[in-house]
Every structure is written in structure tokens, then in C-alpha cells.
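Written out below as C-alpha cells is the structure these notes cover.
Protein chains in written order, with the numbering used here: chain A, 157 to 421; chain B, 7 to 455; chain C, 54 to 445.
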């Protein structure tokens, strides 16, 4: 079943076309990576999916309904969560509060419940607190619930971002370079975590990633972007040997050179 | 030589019965000194700071509540009636604490810099000023030309109804202003709210024509106070008469009454703020303050939540406006200038934005500096001017000092210095806000990753 | 000599003058058309009848006859706003920071200039000088005001803004700037009170600045309306044009201007390219202060009376002008100033007539805020600004 489908999405900034006729689709339960050289338009594409930018042309359908023109909070409410390339936690809130903020669209407490501390409010708070703790354990955060987010080490902050994105029970989670700046051990843990998000929670995972070890290791399908559009799509094996991809990464001539190198070897 | 260790000392005074003894000693010393000195800044500061001891030292909650209530509801009224000078100061502190707490919701929690906060205060004040005075019958008269002996439009006990109407009116004004401008970036929003504050002040100044709604710069007076039950005065006199030293008049009791109303508003704001802070709404506000882009990506509707903060803050200012109009029986545009807005902002910044005890401390400090220290300095200077005293080395005779130099009028200098120094050296304020710690099951369990 | 001329970029010198002419003419034509249309529509209503009863002319004639003077006044005040707005826009362009204290930097310039003139007046020099010398003295006072404001701006940046440059929220330096603004208001007041015993100062009368050049007279019913412009208004306009041309040249055609633009684009990269960012920022504040100081003395010349709080409203309006034109954009600041000055003068002159006295000049000051709010809602990037999106 198709979960996300974009047709001919265009996003321009002044004279620059950052996303150019992007066609992309995602099946439910997949783990897919988008790769591409710097400036290929990957993050801009993420931002059009999550409503931070509204595209000039094209359609975006999520769960068979158009999400075009919706605000980012409405899109989050529909079930798309995300993390950011450079961590954007609520630094002066505790870890558990960060996760509770992630639950915002799912909480039903009204102002009256809150001001009068009605049983409905207390019940919801204690349930969400428990749930937040489960998520913390799921991403491997221990004994840090009351720490301020900014006081966590880098790897911990990355985990909190994932936990916060998981808090709203999303159908789709977008991870923007989630392993950037991690050491090999942390990267390995992260890959395992992303698999478990799909396997245990059934959430579809879409990544932007530069680290080829991660991409090749985790992706079931890879989409390659360049100049704002899709230039190739396929399994990791197919992508590895796609001359267009190699050209995009290493420049024109690289493909020929590669053949020469192979021939010499 | 014994090493003086501050940490050990603080630890020691937080243990056993010491906190209770120190708090009580502080309180009793302060109260006694105030009781004995009719006009001493120091004694007053000592007494009022016993709230700080009460807050900071580790004593049982029941002790804190009882002592705090005793001080706020019995000791201060008695001392206030005995010496109206102190009651005025404490009333002003309460009014400004309430305003600062209201602004704190907007600035401290949601991180929206509102430079026109007193506009909402003005909305409440003018609401009761118009309906609680004879102004309705003055609509067709230019300021100063109305006949005497006009009746009042509404009975004085409508005051209480208007407290609630003011909540609605101020909140609506907040929403009306907020809807178009809350999309703006923080610094633009600040300037727009400043402009809005000026718009309200200029309207108050000029809406004396074509119909005379506000009576222009002269302001509206007399405004009715709510009725005072005679029994209240009698009971107070029979119970506390001997401590006060003279029989309390109705006017005295009005001062006490408005002080207590302000206190009630403060308590309501504190309860509301704390409850909101520990909920979906408060977390959303803090998230917006920390990172708008991340907040909206987490499903928080930015404009709606900002409007909620704006309206909540505004409604408290509206209530305080009605209280002000009733207690002073007079409102004029002067009370709602940009400087007042900055004054309230200074209180929030000084105490610690987002921190309830901090904001109250900020309000008390700025009010005392303003009312006591600056005015005290003015008094002292004018005494020097009348004396023959000379500054020794430079041979400057005090009586040659310019009359224009009246420290009481240098509030801007005070506010400005506080804002600059706090931003540079302690942006989180005197008592920084703390995040609520939760009892977490996972903190106790050993988990295997 | 030849080399010197060839190194000056004539195009950069002339371009802003052309733009100025277009803006002035454009806003004059548009606003005139609007009021004349309004006057035509309202001619037969109570408004028109009221005017007929009072001045014995139709509303349309009344509007038309008053128009030239309104345009001249609007242009003059517009140029004052534009001159102050340049200071806001310079600093905002480089630091993305609203220098709230710019209004007091402006006020300090006004006070320094006026105090010097009052001192000379006290010596009896001013009353005796011929017109050309009066003109030179005025230039001297303007330069002194510029110097004082420029140095003050640099000092303020060093003390109250630079330590906050890395702050997490952009509100932190803004709050500090508000603090500086308040502090300076009372600091001026205290200095003036202690040294002169009063803090309301009057620009001394000297030279022929108050004379009016008369263009002619227009008949309105039985009365004649004289049309003219005072020498001081001409000085204000010429000085503002010079300031704009100079600033435009500095930013767009010199080496240090290139460095300023580089720092505005990307501070970190500029630093890596060997530009001393702190120096450039100080220099930006110096330029903003110099412009503010000159504007202050010009303001005092035009409006005569100054007090320590004199900067507040012109400052806010100039900020509005900067936003209206597109903040960070030098030409935009000028356009915003002219449009705002015109709008305000039109409102001040005609609002009372069109509303039969229900609202008039007293609302002039808040008129700017209405515009500010409208601009920010419908075109936050301003008339000339480019659409910039935030990075996610």
C-alpha cells in the first residue's frame, strides 16, 4: 500500500529551483533512504513534505489524502514525524518533557481539565508519562528523564530527538542525517534502532543520509536526488552500480575512470 | 585558622530546626522594627524579605503556608492600617506583582516579548472607569464642561461583575491584536506591541471627542469603589484595634480590602500558571520559546498557542485594571505609558522570566527601589539643598544643586540599568526558573540496552 | 587627479538620486490622486458642505489648494525619517538586530549640536554673523553632533551588545537595547539638568534658516494661500540626499563596503576570509551613529525644540519607515521614509477635514503604527525587500 506519493513537486527560492519535478513514493513499512550530493535538495524536499515550505507546483499525498497546503502542525497531526539535521531539541526542558511535547497532538486534555485538575487530566498525564518512559527505554535512554536536554551528550540528544518523533505514534518518520557526527559504535546502535522502529512499531522510515555504510546497510530501497530531482531509484546493489549516481557523486568522467580502474585491476 | 566555608554554612542552616528558627527570627525582627519605626526603608525591607526566607529555607509546607498567611493576611494589614505609608507600598508591590506575573506568562513561558502590556491594564481600568462613574452622562460634554450632580450609571457592587467582564474584554483585545501579528518574528512582534500600547494611550488621550468616552488627558473621576460592609470595619477594630493604636476608618479598610483583592488575584495567577505549566499547554509554550520550528514540527499549532498565552496574560492585566480604577477612583492615560510597560518587563527580567518566585521578587525590588529608595534619595537631596552643607573637596554647595535633579523621576535610568546589567551578567534572572522534576519509574530500574 | 576621478564610480553616485526623485514623485502623485478622489466623492456629503460653510469653497478646491504645501512638508519630514531610518537599516542589515537605542543616539546628536550653538549664541557670535558664516557654523554643529553620536554608538555596541552576540535568543540583545535607550534618555536629562539646569533646549535663531522662499499665492475663496518652503527645509532635504548618496557609495562601491556586505551575508565565512568582524561591526555602528547624529541636528533645526525624549517618536517612525521600505535595504529606508512622511502629513492635514473634526492631527503619531502593522501582516519583507525564507 502506498503511504506517501509526490508528483512533480517543485520548490523555488527566487531564481533557484531547489526541488524540481520530484516524483517519489513510499510503501507502508519500508525503510528508504534518500541520498544525493550536497545541495541536491534533499532537506528542502523534507521541508516540503513536512509543510515548512509549500511547493509551487505538484501534489503530495499521504495516506491517500492530499497534505498540500497544510501547516506543519497539521501534517504532524496526520502522522508524519521528523528529526532535524542539526539537533533541535527544546534545550531547557527535561528529556521527558521533550517527549511529552512530541505527544502534543495526541493529548486530549482541555483547558478546563487542566485548570481544575480534573481526573481526566491526571489520568492522561500519568498514562503519557508512562508511555514516554517506554519510548525512552525503546530508544535506549536510561535514568535521564529529569535531565535538561542540553546536558545530554551528543548521542543521547540524537536519541531524544528520535524518541520525541516517535511520541506522537506517527505512521511515517523522517530522519534527516540521523547518524551525522556519530562514532562507529553509535552508528551501529542507531542502525539497529531504526530497524526496530520499523520491525517493532511498524513505522515507515525515510532517511536522508550521507554515510554510505549506513545507507547500504539499512535501506531496502534508495532514491538518489540531484539538481532537485530524482535521478535514480533501486535496491542498494542497483544503486551502487548505477553510472548516473556515480557521476552525480564524483563528477563527469568518473564513470569512465572507474571502468579504467577496474580494467587495470 | 579555620576555613570559612560558605557551602557548609548553607548546608547547616538547611538542617533540622534551624530553618524554622531563622525564618521566625527574621520575621519577628522585621515586624518588630517596622512596628516601632513609622518610616524606615530598612525595617520594611527586612520585614518584606522574610517572605524570601520562607521561600528559600527548607521548612514544612504547613509551616510555610501558615506563616505566610499570617504575615500576608494579619500582620501586614495591621501594620498597614497603623501606618498607611507601608500599606501603600505593599499595595503597589501586590499590584505590580500581579501584572508582572501576568506578563511572565507571555514573556517567560511563551517567549513573546510584549512591550505594550499595560494596554490591557488600560482596557480593564477604562472599562470600569466608564461604567462605574458618571462618564456615560458626560458623553455629550467636552471635558470640564459637564454639570455637577450627575448620577452614577451603575450601582457600586457591579464592580465584581466588571472584574469578570474585564477578563473577557482584555482577552478579546489580546486576541484581536494577536491574530494578525503573532505570526511575526519575535523582534518585530515586540515593536508592534509597543505600537499597540501607544495606540491605546493615544486613544485614551483623544477619545473625548466626538463623544467624550475617556475625558481625555484629565482622566475619569470619581469612579466607584465596591461597597464596604460596615461589619468588616467593626470586626477589624475589635480584634486588631489595640495593635493598630487608633480606630481604623472606612478609608483605611478600603486600602486593606484592595490589598487583599490584589493578593487573591496573585494567588489565582500563581495557581493558574503552575497548573498550565505542568500541562500540554505550558509545555507547548515552553517548546515555542525554545525552538519555534521544532515546536511546529511536533504538531503544536503556533498561532493558536501564542494567542492563548497572549490572551491569558492580557486577562490578568484586565482584572488588575478594574482593581486599579476602583482603588484609586481615578484613571488617566498617564498610568498606561510605555514606561509602565517597560517597568513591568524590568520586574520580570530582574526576577527571572518564567520563575514565579523570581517575578514576585523582581516586582517587590523594583517597586521598593522606585517608591522607597529613589524617593528617599529625593527627600534627602532636597533637605541637603535647604541646608548650608558643602561637598568638601570640590567646594560645591548643595543649595546650588539644580532643582531638576530629582532622583524620584529617574525611573528610566533605573529600568535601563537593570535591563542592561541583567542581560549581560544574569539573563536568567535573580531566581532562575526550574523545570519540574517528575517521579519516574525508569529512573529507579536498571535497564539493559 | 585623473586617477582620482576614474576611481569614483559615478553610477553609484547618481543611482540613488534618480531613485529618490522617482520615489518622491511617485508617492506624491499617488497620494494626491487618492485625496483628490476622496474629496470629489465627499464633495456633496456633510463633509463637503461643512467646508463650504467654513471656507466658502468646495471640498475639492480646498484639497487642491492645500496640496502643494502638504507635499513639500511631507517630503521634508519624510527625508528626516529617511535619514534616521538609514541608521536602523545599516545595523539591521549587518546584525539582524533592531538597535532600539538608535533613537537616543539621534537625540544625543541633537543635544550636542544645539548645545554648541547655544554656547556660541551666549558668546554673542551667532547674532552678528552673515548668512554664509551662519551656514558654516551650522555645518560645524552637524559635524559635532555626528561625531558625538558616532562615538556613542560604537561605545554602546562595545558595552551592551557585543557581550550578547552569541545569545540563544534574539530577544536578549533587543532587551539590552531597550535598556540602553531608557538609560540614555535619563542620562541626557541628568547631564543637561546638572550642567544647564534645564533639559528642554531650543535651537537658537540665527542666519536666514527661518526665511521662506515664496513660490506664489493660490486663491481659496476670499483668502490667499501662500506657497513656500523654508530655507531650513531645503537644508534638511539636501543634507538627507547627501547622506544617502554617501552611504550608498560607501556600502556599494568601496572596499570596506564590500567587507560590510560580506559580514552581513555570513559572519563566520567573512571571518575565515580574513575580515575582522568585530571591526566591521563597530564601523557599521559608527556609520549608523554618524547618520543618526546628523539627523538629530537637522531635526532640531527643523522643529526647534528638543528634550531628552525627543528621539522616541521619530525613532519609532523611522523604524517603521525602514520596515516599510524593506529593512536592511538602504534604498528601501529612503523610500519608506518618504512614503511615511507623506502619508503622515496627508493624514495630519486632511484627516480632520474628512472626518469633520472627529479625528485629526492628534492621531498622526499612531498613524505610523497602523502602517507598520499592515506592512508586517501583508508584506513583511517591505516594499523593496526580497522574500527570504528561514532555514529549517
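C-beta atoms are modelled at their ideal positions from N, C-alpha and C, and glycine is treated no differently.
Because the structure is a prediction, the values reported are computed rather than measured.
Checklist entry - Taking DSSP as the reference, what is the three-state secondary structure of residue 299 of chain B? => result helix
Checklist entry - Who are residue 218 of chain A's beta bridge partners in DSSP? => result A/160 and A/221
Item to check | Which of helix, strand or coil DSSP assigns to residue 180 of chain A | outcome: strand
Checklist entry - According to DSSP, what are the bridge partners of residue 272 of chain C? => result C/277
Checklist entry - If you measure beta-carbon to beta-carbon, which residues of the region 277-299 of chain B are closer than 7 Å to chain A? => result 278, 281, 282, 285, 286, 287, 289, 290, 292, 293, 296, 297 and 299
Checklist entry - Using a C-beta to C-beta distance shorter than 9 Å, which residues of chain B count as neighbours of residue 356 of chain A? => result In chain order: nothing, as chain B lies at least about 15 Å away.
Next on the checklist: Taking the beta carbon of residue 146 of chain B as the centre, do at least 16 other beta carbons fall within 10 Å, making it buried, or is it exposed?
Outcome noted: exposed
Next on the checklist: Using a 10 Å radius around the Cβ and a threshold of 16 neighbouring Cβ atoms, would you call residue 445 of chain B buried or exposed?
Outcome noted: exposed
Item to check | Three-state secondary structure assigned by DSSP to residue 379 of chain A | outcome: strand
Checklist entry - What does a CB cutoff of less than 6 Å around residue 136 of chain C pick up in its chain, not counting 5 residues either side in sequence? => result 293, 296 and 348
Checklist entry - For residue 196 of chain A and chain B, any beta-carbon pair shorter than 7 Å? => result no
Checklist entry - How about residue 218 of chain A: is its Cβ closer than 6 Å to a heavy atom in the ligand NAP? => result In the structure shown, the ligand NAP is absent, as is every other ligand, since no ligand is present at all.
Checklist entry - CA-CA distance, residue 394 of chain C and residue 414 of chain C? => result 14 Å
Next on the checklist: Whether or not the region 341-352 of chain B and the region 314-321 of chain B are in contact is what I'm after, with contact meaning three or more pairs of Cβ atoms, one per stretch, closer than 8 Å; do they touch?
Outcome noted: no
Checklist entry - Going by beta carbon distance, what residues of the same chain come within less than 6 Å of residue 30 of chain C, once the five residues before and after it are set aside? => result Lying before the first or after the last residue shown, residue 30 of chain C is absent from chain C, which here runs from 54 to 445.
Item to check | Any chain B beta carbon closer than 7 Å to residue 206 of chain C | outcome: no
Checklist entry - residue 300 of chain C: which of C/229, C/331, C/382 and C/255 sits nearest, CA to CA? => result C/382
Checklist entry - Could you give the distance in angstroms between the alpha-carbon of residue 249 of chain A and the alpha-carbon of residue 269 of chain B? => result 30 Å
Next on the checklist: For the pair the region 252-271 of chain B and the region 175-183 of chain B, tell me if three or more CB-CB distances fall below 8 Å.
Outcome noted: no
Checklist entry - So residue 385 of chain A is in the beta strand (DSSP E); what residue range does that whole segment cover? => result 385-390
Next on the checklist: Using 7 Å as the threshold, is the C-beta distance between residue 226 of chain B and residue 141 of chain B below it?
Outcome noted: yes
Checklist entry - Nearest-angstrom Cα distance between residue 210 of chain C and residue 360 of chain A? => result 51 Å
Next on the checklist: Taking 7 Å as the threshold (C-beta atoms), are residue 360 of chain B and residue 257 of chain B in contact?
Outcome noted: no
Checklist entry - Along chain C, which residues have their Cβ under 7 Å away from the Cβ of residue 410 of chain B? => result 246, 250, 251 and 252
Item to check | Under 7 Å by beta carbon: chain B residues contacting residue 242 of chain A | outcome: Those within 7 Å of residue 242 of chain A in chain B number zero; the least Cβ separation is about 11 Å.
Checklist entry - From the beta carbon of residue 446 of chain B, is the nearest beta carbon of chain A less than 7 Å away? => result yes
Checklist entry - Are there three or more Cβ pairs, one per stretch, closer than 8 Å when the region 271-279 of chain B is compared with the region 228-236 of chain A? => result no
Item to check | Selection of the region 320-340 of chain A by Cβ proximity to chain B, strictly under 9 Å | outcome: 320, 321, 323 and 324
Next on the checklist: I want to verify the contact list: residues of chain A whose CB lies under 9 Å from the CB of residue 66 of chain B, in sequence order.
Outcome noted: In chain order: nothing, as chain A lies at least about 23 Å away.
Checklist entry - On the premise that residue 404 of chain A lies in contact with residue 193 of chain A, defined as a C-beta separation below 8 Å, what is that separation, rounded to the nearest angstrom? => result 6 Å
Checklist entry - Helix, strand or coil: how does DSSP classify residue 158 of chain C here? => result helix
Item to check | Boundaries (first-last residue) of the beta strand (DSSP E) holding residue 360 of chain A | outcome: 360-364
Next on the checklist: Would you say residue 311 of chain A lies against chain B (beta-carbon separation less than 7 Å)?
Outcome noted: no
Checklist entry - Which same chain residues, not among the five before or five after residue 270 of chain C, have their C-beta less than 8 Å away from its C-beta? => result 277, 278, 279 and 280
Checklist entry - What residue range is occupied by the uninterrupted alpha helix (DSSP H) comprising residue 332 of chain A? => result Segment 328-332 is the beta strand (DSSP E) holding residue 332 of chain A; no alpha helix (DSSP H) there.
Next on the checklist: Going by DSSP in three states, residue 167 of chain A sits in which element: helix, strand or coil?
Outcome noted: strand
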